[in-house]
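A.B. asks:
2 protein chains.
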Amino acid sequence: MANIREIAKEAGVSVATVSRVLNGYPYVREEKRNAVWEAVEKLNYTKNINAVHLAKGKTSIIGVMLPYVNHPYFGAILEGISKEALRHRYHLLLFQTNYDVEKELEALEMMRMKQVDGLIICSHVAGWNVIEEYKEDGPIVLCENVGDKDFLSVYIDHYESFAKALRYLIRKGHRHIGYCIGRTTGTNSKARETAYYDTLRQIGVEPRKEWIFDHCLYVEDGKRVIHQWMDLSEKPSALLVSSDQVAAGIVLWGRKEGVKIPDDLAIVSFDNHPISEPLQITTMELPLALMGTKAFRLIYHYIETGNIVKKKEKLPVRFMERSSV
Amino acid sequence: MANIREIAKEAGVSVATVSRVLNGYPYVREEKRNAVWEAVEKLNYTKNINAVHLAKGKTSIIGVMLPYVNHPYFGAILEGISKEALRHRYHLLLFQTNYDVEKELEALEMMRMKQVDGLIICSHVAGWNVIEEYKEDGPIVLCENVGDKDFLSVYIDHYESFAKALRYLIRKGHRHIGYCIGRTTGTNSKARETAYYDTLRQIGVEPRKEWIFDHCLYVEDGKRVIHQWMDLSEKPSALLVSSDQVAAGIVLWGRKEGVKIPDDLAIVSFDNHPISEPLQITTMELPLALMGTKAFRLIYHYIETGNIVKKKEKLPVRFMERSSV
DNA sequence: TATTGCATTGAAACGCGTTTCATACATTAT
DNA sequence: ATAATGTATGAAACGCGTTTCAATGCAATA
Numbered sequence: 001m002a003n004i005r006e007i008a009k010e011a012g013v014s015v016a017t018v019s020r021v022l023n024g025y026p027y028v029r030e031e032k033r034n035a036v037w038e039a040v041e042k043l044n045y046t047k048n049i050n051a052v053h054l055a056k057g058k059t060s061i062i063g064v065m066l067p068y069v070n071h072p073y074f075g076a077i078l079e080g081i082s083k084e085a086l087r088h089r090y091h092l093l094l095f096q097t098n099y100d101v102e103k104e105l106e107a108l109e110m111m112r113m114k115q116v117d118g119l120i121i122c123s124h125v126a127g128w129n130v131i132e133e134y135k136e137d138g139p140i141v142l143c144e145n146v147g148d149k150d151f152l153s154v155y156i157d158h159y160e161s162f163a164k165a166l167r168y169l170i171r172k173g174h175r176h177i178g179y180c181i182g183r184t185t186g187t188n189s190k191a192r193e194t195a196y197y198d199t200l201r202q203i204g205v206e207p208r209k210e211w212i213f214d215h216c217l218y219v220e221d222g223k224r225v226i227h228q229w230m231d232l233s234e235k236p237s238a239l240l241v242s243s244d245q246v247a248a249g250i251v252l253w254g255r256k257e258g259v260k261i262p263d264d265l266a267i268v269s270f271d272n273h274p275i276s277e278p279l280q281i282t283t284m285e286l287p288l289a290l291m292g293t294k295a296f297r298l299i300y301h302y303i304e305t306g307n308i309v310k311k312k313e314k315l316p317v318r319f320m321e322r323s324s325v
Numbered sequence: 001m002a003n004i005r006e007i008a009k010e011a012g013v014s015v016a017t018v019s020r021v022l023n024g025y026p027y028v029r030e031e032k033r034n035a036v037w038e039a040v041e042k043l044n045y046t047k048n049i050n051a052v053h054l055a056k057g058k059t060s061i062i063g064v065m066l067p068y069v070n071h072p073y074f075g076a077i078l079e080g081i082s083k084e085a086l087r088h089r090y091h092l093l094l095f096q097t098n099y100d101v102e103k104e105l106e107a108l109e110m111m112r113m114k115q116v117d118g119l120i121i122c123s124h125v126a127g128w129n130v131i132e133e134y135k136e137d138g139p140i141v142l143c144e145n146v147g148d149k150d151f152l153s154v155y156i157d158h159y160e161s162f163a164k165a166l167r168y169l170i171r172k173g174h175r176h177i178g179y180c181i182g183r184t185t186g187t188n189s190k191a192r193e194t195a196y197y198d199t200l201r202q203i204g205v206e207p208r209k210e211w212i213f214d215h216c217l218y219v220e221d222g223k224r225v226i227h228q229w230m231d232l233s234e235k236p237s238a239l240l241v242s243s244d245q246v247a248a249g250i251v252l253w254g255r256k257e258g259v260k261i262p263d264d265l266a267i268v269s270f271d272n273h274p275i276s277e278p279l280q281i282t283t284m285e286l287p288l289a290l291m292g293t294k295a296f297r298l299i300y301h302y303i304e305t306g307n308i309v310k311k312k313e314k315l316p317v318r319f320m321e322r323s324s325v
């Protein structure tokens with residue numbers, strides 16, 4: 001395969017001139033410009049992009065670290081990132097971690113090795129000190145509330161929205177409230193847990209461990225939850241559900257078991273996935289795609305200009321009141 | 001940032017030796033090996049992976065071309081690819097095309113430029129002649145039936161499964177059958193269309209254009225479909241739906257309108273997404289994640305060994321009979 | 001003792017596009 | 001007429017790890 005030097009020889013110019021033509025720089029005479037393009041045609045030349053990356057020291061690739069690619073939550077974030085990356089002619093390198101620290105480290109290492117110009121972390125298990133070590137290797141944007149930590153972040157305030165949903169249930173007369181969550185570790189989950197404990201204690205209700213349902217990610221987990229719920233001797237009258245998929249599972253499998261929503265069990269969920277509308281599930285709309293888009297913009301803007309407009313951005317959550325409460 | 005030559009100087013060896021140590025090759029004396037690692041520590045050295053890519057002429061990255069990342073169908077394929085890529089320490093570069101030929105070409109060009117070692121095409125609009133031009137630039141695996149064309153492929157026989165579903169409906173006494181599809185172009189969609197026309201004509205029923213519902217991709221499209229269906233003066237008694245998401249939308253929005261499934265309208269869908277189970281939707285389980293996994297394996301095996309075990313592999317579809325017919 | 005072979009090691013070439021710097025000529029401004 | 005700009009172009013350095021090839025040293029086999 002031809003390289004730029006062969007093109008130069010063929011066109012009777014220097015490699016610098018070829019590079020100029022190829023990249024559309026000025027100061028090349030029309031004839032030479034044509035000669036170069038002709039040589040490119042003739043020798044069927046294509047740039048070796050790895051040489052470009054090496055020479056430029058950048059790749060126009062952003063890494064995306066997420067636990068699962070095909071989860072509605074992360075899929076939506078990814079969609080937002082992807083949409084924006086497309087607009088700016090950037091590419092995305094996927095780092096699926098399955099919440100494995102090793103895999104997370106690998107993504108970070110890839111930035112150190114200049115495989116990617118920056119990294120968007122959708123979720124992680126690695127400690128802050130670990131991530132901090134890679135700060136000098138490139139911009140990192142997190143899709144979670146990083147608190148005081150010195151990181152770029154675009155996030156949804158899960159403490160606030162969880163507390164808001166809880167207060168709504170309380171206002172509706174519920175005192176026995178449980179919740180479903182994807183996992184119990186992680187910033188977002190911890191925020192929700194804290195909101196749960198804080199809010200219930202504020203009204204003098206003792207939170208119950210057995211009303212917390214872990215590992216709730218997909219529709220099928222809703223089936224498990226509703227059965228577990230039915231087996232409880234003391235049942236919560238309301239559930240906060242961290243994902244519409246799980247809520248849909250709970251509602252649909254509950255129906256089959258004769259569980260009346262909201263009379264037997266009230267539900268407030270999160271996401272506002274289209275499935276929640278026909279099921280009349282009251283849900284908090286999370287701007288996931290927007291979060292992805294903004295995360296990309298932040299990192300992109302930093303890479304291209306070196307400036308940061310807003311280090312941390314909190315995105316608004318919209319409450320969609322329907323009839324599952 | 002230090003490079004390999006500085007490490008060599010610091011450790012008092014040649015760059016070749018440093019490279020040997022870094023890559024775990026034999027024939028390096030213990031002392032030198034240690035000296036290299038110490039220099040690496042001391043200078044806080046990391047490889048520049050772009051230089052590696054350039055030197056090796058490969059990147060261990062596979063490109064994935066798909067129209068939308070957050071669609072259940074493609075998400076499932078992507079998950080399968082990702083899982084397998086993880087096992088083999090390969091990375092994935094995402095090319096979201098939105099079914100735009102320009103974007104598809106970009107993905108193909110990226111392979112030519114050696115950005116990726118191979119390309120998995122989940123779906124495309126570009127013509128075969130276009131794709132064919134890139135055959136020499138690296139292995140391409142398609143997730144669709146490529147017929148006689150000389151491409152690697154792992155696929156679901158959509159003609160067969162669509163025809164099978166149709167015959168099932170016919171056996172159940174339906175004569176007025178329509179269908180919902182994501183788009184009308186594309187190999188898979190054409191296969192389904194052909195199956196529809198062929199099968200209906202076999203039983204002497206004239207297919208009807210107005211019973212074909214295009215642009216059905218997500219839950220919310222089901223809402224549109226059920227309303228369109230209700231507005232028809234002559235209604236089909238059964239619908240084949242190319243995605244469980246859409247079917248769920250049809251069933252759920254239909255319920256709200258008092259449409260009885262299957263009495264007013266029978267449904268056979270595709271995917272066997274977990275949502276279809278509590279909704280009792282009869283569905284054809286498509287092994288999407290498996291397709292992704294196998295596509296990756298095929299391309300991986302070719303890259304690593306130069307061998308192809310099976311050029312084209314058809315994956316089995318499982319019929320999940322429930323009560324929506 | 002002569003020969004074969006393996007273990008070690010480094011110089012140099014290789015993969016290849018970008019960018020800087022010096023040079024040379026053509027204009028325009030003073 | 002002279003200085004100051006602007007246009008045009010190429011040589012060479014730069015980014016950096018991999019790999020080949022020749023060479024050296026030493027041990028084992030003939």
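Chains A and B, in that order, give the protein sequences.
First residue of the first sequence? That's 1 in my numbering, and the numbers climb one at a time after it.
First residue of the second sequence? That's 1 in my numbering, and the numbers climb one at a time after it.
Don't be surprised by glycine CBs; every beta carbon is placed ideally from N, CA and C.
Quick caveat, the model's predicted, so the values are computed rather than measured.
(1) Can you confirm whether Asn48 of chain A, when its beta carbon is compared against all beta carbons of chain B, has any partner nearer than 9 Å?
(2) Buried or exposed: Gly127 of chain A, going by 16 or more other Cβ atoms within 10 Å of its Cβ?
(3) Classify Lys172 of chain A as helix, strand or coil using the three-state DSSP reduction.
(4) For Arg255 of chain B, which residues in the same chain have their Cβ closer than 6 Å to its Cβ, ignoring the five residues on either side in sequence?
(5) By DSSP, does Asp231 of chain A sit in helix, in strand, or in coil?
(6) Taking all protein chains shown into account, do 16 or more other C-beta atoms lie within 10 angstroms of the C-beta of His227 of chain A, making it buried, or fewer, making it exposed?
(7) Can you list the residues of chain B that His215 of chain A reaches, using a CB-CB cut of under 8 Å?
(8) Could you tell me whether any Cβ in chain B is nearer than 9 Å to the Cβ of Trp253 of chain A?
(9) For Lys256 of chain B, decide whether its Cβ has a neighbour in chain A, counting only Cβ atoms nearer than 9 Å.
(10) Going along the region 181–198 of chain A in order, which residues come within less than 9 Å of chain B, judged by CB to CB distance?
(11) Applying the criterion that 16 or more other CB atoms from any shown protein chain within 10 Å of the CB defines a buried residue, is Leu298 of chain A buried or exposed?
(12) Determine the closest residue to Val125 of chain A out of A:Ser233, A:Val101, A:Asn50 and A:Ala11, with distance taken between C-alpha atoms.
(13) Is it true that the region 148–168 of chain B meets the region 83–102 of chain B, where meeting means three or more beta-carbon pairs spaced less than 8 Å apart?
(14) Could you pull out every residue in the same chain whose Cβ sits closer than 8 Å to the Cβ of Thr58 of chain A, ignoring the five residues on either side in sequence?
(15) So if DSSP puts Met320 of chain A in a beta bridge, which residue, or which two residues, is it bridged to?
(16) Report the start-end ranges of each alpha helix (DSSP H) in the region 32–56 of chain B that is 4 residues or longer and not cut off at the edges.
(17) Using only CA atoms, which one of A:Met111, A:Glu84 and A:Arg29 lies nearest to Met65 of chain A?
(18) When the cut-off is 9 Å and only beta carbons count, does Arg112 of chain B lie next to chain A?
(19) What's the C-alpha gap between Thr185 of chain B and Ser237 of chain A?
(20) Going by alpha carbons, who is nearest to Lys314 of chain B out of B:Arg322, B:Lys9 and B:Ala295?
(21) Below 7 Å on C-beta distance, what does Glu220 of chain A contact in chain B?
(22) From what residue to what residue does the alpha helix (DSSP H) around Gln202 of chain B run?
(23) Measuring alpha carbon to alpha carbon, tell me which residue in B:Glu234, B:Phe270, B:Met284 and B:Leu169 is nearest Lys209 of chain B.
(24) Would you check if the distance between the CB atom of His273 of chain B and the CB atom of Gln245 of chain B is smaller than 9 Å?
(25) Comparing the C-beta of Tyr159 of chain A with each C-beta of chain B, is any distance below 9 Å?
(26) Got a sec: is the Cβ-Cβ distance from Gly204 of chain B to anything in chain A below 9 Å?
(27) Under 8 Å between beta-carbons, which chain A residues line up against Ser269 of chain B? List them in chain order, please.
(28) By the three-class DSSP mapping on this structure, what secondary structure does Lys294 of chain A have?
(29) Alpha carbon to alpha carbon, what distance is there between Leu78 of chain B and Asn50 of chain B?
(30) Is the beta carbon of Tyr159 of chain A less than 9 Å from the beta carbon of Asn145 of chain A?
(31) Considering only residues of the same chain and omitting the five flanking positions on each side of Lys311 of chain B, which have a CB-CB separation below 7 Å?
(32) Please decide whether His91 of chain B counts as near chain A, where near means a Cβ-Cβ distance under 9 Å.
(33) List, in order along the chain, the chain B residues whose C-beta lies closer than 7 Å to that of Leu78 of chain A?
(34) Starting from Pro262 of chain B, find everything on chain A with Cβ-Cβ shorter than 9 Å and list it in chain order.
(35) Nearest to Tyr197 of chain A by alpha carbon, out of A:Leu279, A:Gly178, A:Tyr218 and A:Arg183?
(36) Could you check if Lys56 of chain A is buried or exposed, using at least 16 other CB atoms within 10 Å of its CB as the buried criterion?
C.D. replies: If we stick to the structure as given:
(1) Mapped onto the first sequence, residue 48 of chain A falls at position 48. So, interface residue.
(2) To locate residue 127 of chain A, count along the first sequence from 1; it is residue 127. Per the 10 Å Cβ criterion, exposed.
(3) Looking up residue 172 of chain A in the first sequence gives position 172. Note: Lys172 of chain A maps to coil in three-state DSSP.
(4) Locating residue 255 of chain B in the second sequence gives position 255, where the first residue counts as 1. Closer than 6 Å at the Cβ level, and outside the excluded window around Arg255 of chain B, lies no residue.
(5) Within the first sequence, numbered from 1, the residue matching residue 231 of chain A stands at position 231. It is helical.
(6) Counted from its first residue, the first sequence places residue 227 of chain A at position 227. That one is exposed.
(7) Here residue 215 of chain A is taken as the residue at index 215 of the first sequence, counted from 1. By Cβ distance, chain B contributes nothing, its closest Cβ being about 15 Å from His215 of chain A, past 8 Å.
(8) Within the first sequence, the letter at position 253 stands for residue 253 of chain A. Interface residue, yes.
(9) As a working note, residue 256 of chain B is residue 256 in the second sequence. True, the Cβ-Cβ gap to chain A drops below 9 Å.
(10) none
(11) Position 298 of the first sequence, counting from 1, holds the residue named residue 298 of chain A. Result: buried.
(12) Taking the first sequence and counting its residues from 1, one reaches residue 125 of chain A at position 125. When each option's Cα is compared against that of Val125 of chain A, the closest is A:Val101.
(13) no
(14) For the purposes of this step, residue 58 of chain A is taken as the residue at position 58 of the first sequence. Here residue 58 of chain A is Lys; the residue named in the question, Thr, does not match the sequence. Cβ neighbours of Lys58 of chain A beyond the five flanking positions: Lys114, Asp117 and Ile303.
(15) Residue mapping note: residue 320 of chain A aligns to position 320 of the first sequence, counting from 1. For Met320 of chain A, which the question treats as bridged, DSSP gives the partners A:Thr283.
(16) 49–56
(17) For this step, residue 65 of chain A is matched to residue 65 along the first sequence. Selected option, being the one with the closest Cα: A:Met111.
(18) Position 112 of the second sequence, counting from 1, holds the residue named residue 112 of chain B. Judged by the 9 Å Cβ criterion, Arg112 of chain B is in contact with chain A.
(19) One-based indexing of the second sequence puts residue 185 of chain B at position 185. One-based indexing of the first sequence puts residue 237 of chain A at position 237. For Thr185 of chain B and Ser237 of chain A, the distance between alpha carbons rounds to 49 Å.
(20) By one-based count along the second sequence, residue 314 of chain B stands at place 314. Minimum Cα distance to Lys314 of chain B is reached at B:Ala295.
(21) Taking the first residue of the first sequence as position 1, residue 220 of chain A is located at position 220. Ordered by position in chain B, the residues that pass the 7 Å Cβ test against Glu220 of chain A are Pro274.
(22) Reading the second sequence from its first residue, position 202 is the one you call residue 202 of chain B. Start and end: Thr187 to Gln202.
(23) For the purposes of this step, residue 209 of chain B is taken as residue 209 along the second sequence, with counting starting at 1. Among B:Glu234, B:Phe270, B:Met284 and B:Leu169, the Cα nearest to that of Lys209 of chain B is on B:Glu234.
(24) Walking along the second sequence from the start, residue 273 of chain B turns up at place 273. Walking along the second sequence from the start, residue 245 of chain B turns up at place 245. Result yes, Cβ atoms of His273 of chain B and Gln245 of chain B sit closer than 9 Å.
(25) As a first step, residue 159 of chain A must be located in the first sequence, where it is residue number 159. With 9 Å as the cut-off, Tyr159 of chain A does not count as an interface residue toward chain B.
(26) One-based indexing of the second sequence puts residue 204 of chain B at position 204. Output row for Gly204 of chain B: interface = no.
(27) In the second sequence, the residue the question calls residue 269 of chain B occupies position 269. Per Cβ cutoff of 8 Å: no residues; Ser269 of chain B is ~14 Å from chain A at best.
(28) As a first step, residue 294 of chain A is located in the first sequence; it is residue number 294 there, counting from the start. The answer is helix: DSSP assigns Lys294 of chain A an H, G or I state.
(29) Taking the second sequence and counting its residues from 1, the one referred to as residue 50 of chain B is at position 50. Taking the second sequence and counting its residues from 1, the one referred to as residue 78 of chain B is at position 78. The alpha-carbon atoms of Asn50 of chain B and Leu78 of chain B are separated by roughly 25 Å.
(30) Along the first sequence, one-based indexing puts residue 159 of chain A at 159. Along the first sequence, one-based indexing puts residue 145 of chain A at 145. Yes.
(31) On the second sequence, position 311 is the one that residue 311 of chain B refers to. Hits under 7 Å: Leu152.
(32) Residue 91 of chain B sits at position 91 when you count from the first residue of the second sequence. Chain A contact via Cβ: present.
(33) Counting from 1 along the first sequence, the entry for residue 78 of chain A is found at position 78. Result: Val69 and Asn70.
(34) Along the second sequence, one-based indexing puts residue 262 of chain B at 262. The contacting residues do not exist; Pro262 of chain B stays about 17 Å from chain A at best.
(35) Looking up residue 197 of chain A in the first sequence gives position 197. It is A:Gly178 whose Cα lies nearest to the Cα of Tyr197 of chain A.
(36) On the first sequence, residue 56 of chain A is found 56 positions in, with the first residue counted as 1. Exposed, since its Cβ has fewer than 16 Cβ neighbours within 10 Å.
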